[in-house]
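Numbering (our numbering), first residue to last: 1129 to 1270. C-beta: ideal position from N, C-alpha, C; glycine also. What you are looking at is a predicted structure, and each value in this text was computed from that prediction instead of being measured.
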């Protein structure tokens, strides 16, 4: 469990790194759609993992990650300037694929739902045909 102090530090670093990515990194490889989703700082404040979500194709994601990893020095400098800590943690950039996983799972759920609806529709049609056959047999008996 993250302590209250560590949680506050994570939030401050998240705000500061988000601001740095949007306003201070001028790398042309950087995609316009980058968001910091989570920050995990070790208890001893020596390392901070910054999870980013990148919107775009695989090439854009790869280039953006390279741009972010080459900008870790600037991020660390900005963290040191804005977040009051005795020692500024080393910055580690990680890709957060939670959104992609959620979209993938949602697609699977929709496929299952569509197949289930098709099955139910087919069963309903079969029941209607069976009822029509039963009605015809009853009218033939009269």
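Check	Outcome
Counting Cβ pairs, one atom from each stretch, are 3 or more of them under 8 Å apart for the segment 1195 to 1206 and the segment 1144 to 1155?	yes
Please classify residue 1216: does DSSP put it in a helix, a strand, or coil?	coil
Determine the DSSP secondary structure at residue 1200, reduced to helix, strand or coil.	helix
Distance check for residue 1184 and residue 1215, CA to CA, integer angstroms please.	35 Å
Counting C-beta neighbours from all protein chains within 10 Å, is the total for residue 1199 16 or more, i.e. buried, or is it exposed?	buried
Could you tell me which residues DSSP pairs with residue 1223 in its beta bridges?	1180
I need the DSSP call for residue 1146, collapsed to helix, strand or coil.	helix
State the CB to CB distance for the pair residue 1170 and residue 1138, rounded to an integer number of angstroms; the pair is presumed to be in contact (CB under 8 Å).	The Cβ separation is near 11 Å, so there is no contact.
For residue 1177 and residue 1225, which I take to be in contact (beta-carbon distance under 8 Å), what is that distance rounded to the nearest angstrom?	Not quite, the Cβ-Cβ distance comes to about 14 Å (not below 8 Å), so this is no contact.
Would you call residue 1235 buried or exposed, if buried means 16 or more other Cβ atoms sit within 10 Å of its Cβ?	exposed
Would you say residue 1157 and residue 1192 are within 8 Å of each other, going by their C-beta atoms?	yes
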